[in-house]
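Student: Pasting in a structure now, in structure tokens, and then I'll have a few things to ask.
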Amino acid sequence: MNQTSVGMNSLWKVFTTTIGKKAVMAATGGVLLLFVIAHMAGNLQMFLGWGDINNYADLLKSHREFLWPFRVFLATCLVLHVSTGSFLAIDNRRKRGHSYEVKKLVGASFASQTMWISGLIIFCFIVYHLLHFTLGVTNPEYLTFRDAHDRPDVYRMIVTAFSTAGTVCLYALGVATLGFHLSHGVRAMVESLGLRMETWASRIDKTSLVVACLLFLGFASVPLAVLMGLLQLK
Ligand code: HEM
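Given below as structure tokens:
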């Protein structure tokens, strides 16, 4: 067997064995987790004022040579995460006939048993979010907002978007589902990467819950602050 066929064989195993699929879920989930943490930190700059969030958005958008490769990388991770997760969910359903799997489910949390449902809701939220803010499909006027330096006015876009309670509810639902998904996801990622030792189990579970709650609060704080009038147009 030459080196190419050994490589192809290993790649095949990654996508066809349960352990390989879990490794793909953990690696892609880790990348997506880092992205949401960075995105939340970026959004919190809304509290620093008009200039800061627009400077930050302008900095990201002006480096097209990094922006597009990054977008392609992120989209690839999302597609791999969703597709591999779907295959794992189908495998699990098939295995439910075996009694030992049923026993395993008894101790499983509600979040762990509903990962595919929360994942599907998050996926729908991301599609809506991109149509709403990035592509300007639902509200094309957002793309025409410019600040005093003739840059995209992200501050005005966010304040305008969250002035209606319906949009705030949709986002609150989206980010609450993300928190719920991560309350099991972070823990599962650590386990799949083989880093979960029994002595650390309870700390990892707590850390997973804390990360999920902080992300929910961080993301939800911006729409709620706009709705409560704490963030306003000048
Ligand atoms: C209240 C919560 C959120 C707010 C205010 C928010 C805000 C924004 C803004 C302003 C942009 C840039 C739009 C533009 O192109 O001008 C953006 C892009 C994006 N957001 Fe969010 N976001 C939120 C939650 C989320 C969540 C929870 C996720 C993922 C689960 C997410 C994923 C994305 C993605 C993938 C992009 C596109 C990034 C790119 O252009 O490369 N966002 N968001």
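Counting from 202, one number per residue, gives the positions in the sequence shown under the working numbering.
We put the CB at the ideal spot given by N, CA and C, even for glycine.
1) Thinking just about the alpha-carbon of each residue, which of F216, P353, T229 and L374 is nearest to the one in A276?
2) What did DSSP end up calling R448 once you bin it into helix, strand or coil?
3) So, using beta-carbon positions, are V411 and F363 closer together than 8 Å?
4) Leaving aside the five residues before and after D259 along the sequence, list all residues of the same chain whose C-beta is less than 6 Å from its C-beta, in chain order.
5) Contact check, V376 vs F334 under 8 Å by CB: the rounded distance?
6) Alpha carbon to alpha carbon, what distance is there between F326 and C370?
7) Whole-angstrom Cβ separation of L416 and L383, contact assumed at under 8 Å?
8) State yes or no: is the C-beta of V507 nearer than 7 Å to some heavy atom of the ligand HEM?
9) For T345, does the count of other Cβ atoms within 10 angstroms reach 16, so buried, or fall short, so exposed?
10) The ligand HEM and N244: does any heavy atom of the ligand fall closer than 7 Å to the residue's C-beta?
11) Could you say if the segment 391–408 and the segment 233–246 meet the contact criterion of at least three C-beta pairs nearer than 8 Å?
12) I need the boundaries of the alpha helix (DSSP H) containing L394, first residue and last residue.
13) Would you mind sorting S409 into buried or exposed? The rule is 16 or more other CB atoms within 10 Å of its CB.
14) Where do the ends of the alpha helix (DSSP H) carrying T339 lie?
15) Count the other CB atoms, across all protein chains shown, that sit within 10 Å of the CB of P341; report buried if there are 16 or more and exposed otherwise.
16) Please classify T378 as buried or exposed, where buried requires at least 16 neighbouring CB atoms within 10 angstroms.
17) First and last residue of the alpha helix (DSSP H) that includes L437?
Tutor: Let's see:
1) The shortest Cα separation from A276 among F216, P353, T229 and L374 belongs to T229.
2) This structure cannot speak to residue 448, because the chain is shown only from 202 to 435.
3) Not closer than 8 Å, so no.
4) Scanning its chain for C-beta atoms nearer than 6 Å, with the 5 sequence neighbours on each side dropped, one finds around D259 the residues R352, in chain order.
5) Contact between V376 and F334 does not hold, since the beta-carbon distance rounds to 14 Å and is not under 8 Å.
6) As the crow flies, the alpha-carbon of C370 is around 12 Å from that of F326.
7) Correct: roughly 6 Å between the Cβ atoms.
8) There is simply no residue 507 to check, as the chain begins at 202 and stops at 435 in what is shown.
9) So T345 ends up on the exposed side.
10) N244: yes, Cβ under 7 Å from the ligand HEM.
11) Contact between the segment 391–408 and the segment 233–246 is absent, because fewer than three Cβ pairs lie under 8 Å.
12) Taken as a continuous stretch (DSSP letters only), L394 belongs to no alpha helix (DSSP H), as it is neither H nor E.
13) S409 comes out buried.
14) Taken as a continuous stretch (DSSP letters only), T339 belongs to no alpha helix (DSSP H), as it is neither H nor E.
15) P341 comes out exposed.
16) Classified as buried, T378 has 16 or more neighbouring CB atoms from the shown chains inside 10 Å of its CB.
17) Nothing can be reported for residue 437: it is not among the residues displayed for the chain, which extend from 202 to 435.
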